[in-house]
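Put into structure tokens, the structure is as follows:
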């Protein structure tokens, strides 16, 4: 829990000008509920299922904000664990903690994007827009019905077939590998956004286009639209799971 709190404080540094001493007021364990991010990572096969999830509520000098924490078991690091000394970090490498603000507000979404790299949000999105300009026929080719649609694949009543999931995974395989191989916060942040947008172009084209069209907007608007992209992808993944595609993806 000390390590988790330190990770929370790293996020809270973004607000040190308005609150120097944030406090933890409560937390809730939700081990049986996958977060959208954890669901996506697990469902696409490049991360194990978290063994625990917490929601922490922090008092930011009068304003309550919520953080989501996923706890992962790093099997390959089990032999490296040791009894930690006082305030020592890194003594238990077999547990990896993923902490981020819950997307309860545009400000929280903006915090996620600001933390992704030291440069501005506009710089990050310009980089992604330049690197990822998909074939406009991709989304149409990959719709479950095999025809173009003006709505996101994450909406509607169509079932998501295993072959559709496999096609999405194949189209984004290079970005999945880039995320696995990334090194450093900035490189991994860019790799995560690139993978997210690759998937969104195929299953959430409406949300993807809205985010791409926001490059001239403010950071809060961009972050809010990116949050909508992530939520749409999560809905698609859940629909794929309920359609029975999970078995094919395992």
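In the numbering used here, the protein residues as written are 41 to 290.
We put the CB at the ideal spot given by N, CA and C, even for glycine.
{"Asked": "Option nearest residue 89 by Cα separation, candidates 268, 103, 78, 119", "Found": "78"}
{"Asked": "Proximity of residue 139 and residue 108 at Cβ, strictly below 9 angstroms", "Found": "yes"}
{"Asked": "Span separating the alpha-carbon of residue 273 from that of residue 215", "Found": "16 angstroms"}
{"Asked": "Identity of the residues DSSP links to residue 60 by a beta bridge", "Found": "Answer by DSSP bridge pairing: none, since residue 60 is not bridged."}
{"Asked": "Cutoff 8 angstroms; reference residue 65; Cβ partners in own chain excluding five residues on either side", "Found": "97, 98, 99, 104"}
{"Asked": "Run of the beta strand (DSSP E) containing residue 202, from where it starts to where it stops", "Found": "It is not in any beta strand (DSSP E) - residue 202 instead sits in the alpha helix (DSSP H) that spans 202–211."}
{"Asked": "DSSP state of residue 214 mapped onto helix, strand, coil", "Found": "helix"}
{"Asked": "Cα-Cα separation between residue 169 and residue 251, rounded to whole angstroms", "Found": "In this prediction, residue 169 has a pLDDT of 38, which is less than 50 and means its spatial position is unreliable; nothing more can be read from the coordinates."}
{"Asked": "Neighbourhood of residue 113 by C-beta distance below 6 angstroms, restricted to the same chain and skipping five residues each side", "Found": "91"}
{"Asked": "For residue 139, the residue or residues it bridges with in DSSP", "Found": "109"}
{"Asked": "Nonlocal neighbours in the same chain, by C-beta distance under 6 angstroms from residue 69, ignoring five residues either side", "Found": "94"}
{"Asked": "Proximity below 9 angstroms, CB of residue 208 to CB of residue 242", "Found": "yes"}
{"Asked": "Beta-bridge pairing of residue 98 - partner residues as DSSP gives them", "Found": "64, 105"}
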